[in-house]
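Colleague:
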Amino acid sequence: MFTELNGKLIEIKKKLREKSKLDKKLYEINKEILNEKEVFENLNIENLLNQKDDIEKELLCYSNVEDEFKEILKKKEELIKQSNSIDEENLKLMDLRERLADIEYDIREYGEAIDAGNDVLECIDKLMQILSSSKKIGFFKNLIRSDSLKEEDMERARELTCITRHSMNKFKRELLDVKLLTSKRGVITSSESFSKMIDLFINDFCVRADLNKDIDRAIFNGRSLSENIQVYVSELLESEKKVKEELLRLKENYSVIIENMD
Numbered sequence: 001m002f003t004e005l006n007g008k009l010i011e012i013k014k015k016l017r018e019k020s021k022l023d024k025k026l027y028e029i030n031k032e033i034l035n036e037k038e039v040f041e042n043l044n045i046e047n048l049l050n051q052k053d054d055i056e057k058e059l060l061c062y063s064n065v066e067d068e069f070k071e072i073l074k075k076k077e078e079l080i081k082q083s084n085s086i087d088e089e090n091l092k093l094m095d096l097r098e099r100l101a102d103i104e105y106d107i108r109e110y111g112e113a114i115d116a117g118n119d120v121l122e123c124i125d126k127l128m129q130i131l132s133s134s135k136k137i138g139f140f141k142n143l144i145r146s147d148s149l150k151e152e153d154m155e156r157a158r159e160l161t162c163i164t165r166h167s168m169n170k171f172k173r174e175l176l177d178v179k180l181l182t183s184k185r186g187v188i189t190s191s192e193s194f195s196k197m198i199d200l201f202i203n204d205f206c207v208r209a210d211l212n213k214d215i216d217r218a219i220f221n222g223r224s225l226s227e228n229i230q231v232y233v234s235e236l237l238e239s240e241k242k243v244k245e246e247l248l249r250l251k252e253n254y255s256v257i258i259e260n261m262d
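Each residue of the sequence shown is one higher than the one before, starting from 1 at the first, in the UniProt record's numbering.
Next up, the structure:
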């Protein structure tokens, strides 16, 4: 009975973390929608609105999870008080199971952030290739005048800018999820300066480069942003490595306790 309750408790804790994560994502997406409307006029935000709807629907599945957690926790506490058969080793095992479940969840969070960061790097790299090839002739105004710039390249650059913006915003949200873990372990740099770099890049390319026909600033800020994202991804990989090492140590401890039990 006690083991069954403990298993349910672990599952409920996972759901609580998922709910907390979704709540934060919904908050960030709402901020993002307001920002996009304010900075980029006539922007199609259908993708963001769809994400918002999906999160709100998913949150409905977790509407009772906090009450479930309190109920199971209360049952577990009562069972501990009533039972004399739960020895110290069993309590250690149960504690280890919970910690293992938490760490496995953390590893998933790091993995999602790393994947999101790599997606941004790929988007920026593709965009920089188009912009850099344009520099062989000159600024956008010269390219347009010379008829050397293909319309499909311009269209592709616009599409990539939109994709890059959404990828970067997703990465920012994943970094916020990881930031919650750093109070326990990791050493991720503050995302405030990173957010400013994203805004600078988007403003220069989507607004200034478009209006002033100047591509130099977009290339410079795009490369700077890419370098900084690489630093973030490296930090994430290092933190993920440490968490995986911790997971291995806990699994070894778990095995030792099992082997030594009568």
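Each residue gets a CB set at the ideal place from its N, CA and C atoms; glycine is no exception.
Give a yes or no on whether the C-beta atoms belonging to I114 and L247 are separated by under 9 Å.
Modeller: No, these two residues do not count as a Cβ contact at 9 Å.
Colleague: What alpha helix (DSSP H) runs, 4 residues minimum, are completely inside the region 49-135?
Modeller: Fully enclosed alpha helix (DSSP H) runs of 4 or longer: 65-82 and 88-134.
Colleague: By alpha-carbon positions, which one of T161, E104 and C162 ends up nearest to K241?
Modeller: Ranking T161, E104 and C162 by Cα distance to K241 puts E104 first.
Colleague: Go through its chain and collect everything with a Cβ distance to G117's Cβ below 7 Å, but skip five positions before and after it.
Modeller: Once the five neighbours on either side are set aside, the close Cβ partners of G117 are F171, I229, Y232, V233 and L236.
Colleague: Classify L5 as helix, strand or coil using the three-state DSSP reduction.
Modeller: Three-state DSSP puts L5 in a helix.
Colleague: Report yes if the CB atom of G7 is closer than 9 Å to the CB atom of L131, and no otherwise.
Modeller: Not in contact: G7 and L131 (Cβ atoms no closer than 9 Å).
Colleague: Figure out for me which residue from I124, Q129 and L26 has the closest Cα to the Cα of S224.
Modeller: Per the Cα distances, I124.
Colleague: Among L127, E78 and L22, which one has its Cα closest to the Cα of D54?
Modeller: Of L127, E78 and L22, the residue nearest in Cα terms is L22.
Colleague: Output needed for S167: all residues of its chain with C-beta closer than 6 Å, excluding positions within five of it in sequence on either side, in chain order.
Modeller: For S167, where only same-chain residues beyond five positions count, the Cβ hits under 6 Å are D119, V120 and C123.
Colleague: Is K24 closer than 9 Å to D216 when the C-beta atoms are compared?
Modeller: Their beta carbons are not under 9 Å apart, which means D216 does not touch K24 by this criterion.
Colleague: Is DSSP giving L250 helix, strand or coil here?
Modeller: Looking at L250 - three-state DSSP - the assignment turns out to be helix.
Colleague: Mark R173 as exposed unless 16 or more other C-beta atoms lie within 10 angstroms of its C-beta, in which case mark it buried.
Modeller: Classification for R173: buried.
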